[in-house]
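Everything on this sheet refers to the single structure shown next.
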Amino acid sequence: MPHLKVLALVRVQVTGSIPRVQGFGLEHLTIRDPVHVTENQVDIPLTALQEMRHLFTLDLANANVHGDVEALAHLSLEELVLEAASSGHITGTLHDLLGMPLETLQLKDCDVG
């Protein structure tokens, strides 16, 4: 099993879905402003991130992020940045995030209240 700690994809064309990187042991995952986002590219269901137990930083912006933030409740995230693109929809409540040791929280264009 490979051990890739940091994966940052910024302003590049990304295809596929998040479950494809689950086995890497990532601690920091950033996907920002992917080129040519469609519903078939950069599929990021928040439920797929539940298995990424080693994550400390999750930064997803303008990708096809969708789901309820409650799916992230059991992760030990210190930094969480979520920004939905027009093709994604993020919901939930801040209460869902209370169990995390968050130091940084940024939510933009989300229906999280």
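Numbering (UniProt numbering), first residue to last: 1 to 113.
Note that the Cβ used here is the ideal one computed from N, Cα and C, for glycine as well.
Nothing here was measured: the structure is a model prediction, and the numbers come from that model.
Membership of residue 5 in any beta strand (DSSP E) is not indicated, and neither H nor E is assigned to it by DSSP. The three-state reading of DSSP puts residue 47 in helix, counting H, G and I together.
With a beta-carbon spacing of about 11 angstroms, residue 69 and residue 84 fall beyond the 8 angstroms limit used to define contacts. The beta carbon of residue 112 lies closer than 7 angstroms to those of 69, 90, 91, 92, 93, 94 in the same chain, with the five residues before and after it left out. The shortest C-alpha to C-alpha distance from residue 48 to any of 72, 28, 107, 8 is the one to 72. Of all alpha-carbon atoms in 62, 56, 110, the one lying nearest the alpha-carbon of residue 100 is that of 56. Put simply, the backbone Cα of residue 13 is about 14 angstroms away from that of residue 30.
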